[in-house]
Amino acid sequence: MSTARERELKYLYALTQTPQLPEGWSLGEEAAPLTLQDTYLDHAGLLNARGWSLRRRAINGGEIGYTLKRGARTVGALHNREEVEALARNASGATSASALPAEISDLIVDEFGAELTTQLQPTVTLTQQRRTWPLMHTGVTVAICSIDQVQSASDAWSELEIEFLTSLGEEKVAQLAKEIDDALRNEPGVSPSTESKAERARRLAL
Numbered sequence: 015m016s017t018a019r020e021r022e023l024k025y026l027y028a029l030t031q032t033p034q035l036p037e038g039w040s041l042g043e044e045a046a047p048l049t050l051q052d053t054y055l056d057h058a059g060l061l062n063a064r065g066w067s068l069r070r071r072a073i074n075g076g077e078i079g080y081t082l083k084r085g086a087r088t089v090g091a092l093h094n095r096e097e098v099e100a101l102a103r104n105a106s107g108a109t110s111a112s113a114l115p116a117e118i119s120d121l122i123v124d125e126f127g128a129e130l131t132t133q134l135q136p137t138v139t140l141t142q143q144r145r146t147w148p149l150m151h152t153g154v155t156v157a158i159c160s161i162d163q164v165q166s167a168s169d170a171w172s173e174l175e176i177e178f179l180t181s182l183g184e185e186k187v188a189q190l191a192k193e194i195d196d197a198l199r200n201e202p203g204v205s206p207s208t209e210s211k212a213e214r215a216r217r218l219a220l
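All residue numbers for the sequence shown refer to my numbering, where the first residue is 15 and numbers rise by one.
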């Protein structure tokens, strides 16, 4: 299990190439592309109403993990939230597509009671084709840059995300985020996104 503050810049992205970066910034070698199958779980909107988000993710049709996000703060394109991640497991320890990890289940039980963990149902399903690069500032990796082609049940769109390393302090993240956001928001085809992918999918489905 891992617990961290996720700090990332999010943009709707209409370009086909990687973004123009300001002086001192560069991209490293592109990683292997990923196919992500994301299913968001809730019951009667209880998690969503509290500002919680529970996602089950399959990576390239294989490894399955769960992510619980909460305590979100959004200022412009910068999203900041607590993120708890753990692999799905059954009693034998093998990865399972349906087993909610105890680390995440315990948090839900403490906040909402045990019954909710047995009532969770899919609410949003997304498929993403993801390309990623290390993002460097003055030659030092400070973030992961990704371009996601997102498909929901009713719509498709593209997003650019810049997720800062968890090892960076808040002041450093704020400084770096401002510098690169000032450059990106002036680039044609790039616009700040103030909502998560799941929030956007729910809104577009209305």
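Note that beta-carbon positions come from the ideal geometry of N, C-alpha and C, so glycine has one too.
As DSSP reads the structure, Q31 sits in no beta bridge.
Excluding its 5 nearest sequence neighbours in each direction, T49 has C-beta neighbours in its own chain below 8 angstroms: I73, N74, G75, T141, Q142, Q143 and R144, listed in chain order. Rounded to whole angstroms, the gap between the alpha carbons of L55 and E22 is 22 angstroms. CA-to-CA, the gap between D52 and A63 works out to about 20 angstroms. Just so you know, the alpha carbons of A113 and I176 end up roughly 30 angstroms apart. With a cut-off of 8 angstroms on Cβ pairs, the stretch 118-136 is not in contact with the stretch 194-213, counting fewer than three such pairs. Taking 8 angstroms as the upper bound for CB-CB distance, V204 and P33 are in contact here, some 6 angstroms apart. Taking all protein chains shown into account, S67 has 16 or more neighbouring C-beta atoms within 10 Å of its C-beta and is therefore buried. Uninterrupted beta strand (DSSP E) stretches at least 3 residues long and entirely within the stretch 115-139 do not occur. Taking 4 residues as the minimum length, the alpha helix (DSSP H) runs contained wholly in the stretch 153-212 are 184-198, in order along the chain.
Put simply, of S207, Q189, L179 and T146 the residue whose alpha carbon is nearest the alpha carbon of H93 is S207. Residues of the same chain with a CB within less than 6 angstroms of the CB of A219, apart from the 5 flanking positions on each side, are S168 in chain order.
With contacts defined by Cβ atoms closer than 8 angstroms, R69 and I78 do not form a contacting pair. DSSP places L92 in the strand class (E or B) of the three-state scheme.
Ranked by Cα distance from E125, the first of S16, R199 and L60 is L60. Our two residues, V89 and G127, have alpha carbons roughly 32 angstroms apart in a direct line. Here the C-alpha atom of A18 lies approximately 19 angstroms from the C-alpha atom of L149. Between T152 and the set W171, A102 and I194, the nearest pair of CA atoms involves I194.
Secondary structure note for L60: its alpha helix (DSSP H) is the uninterrupted segment L60 to A63.
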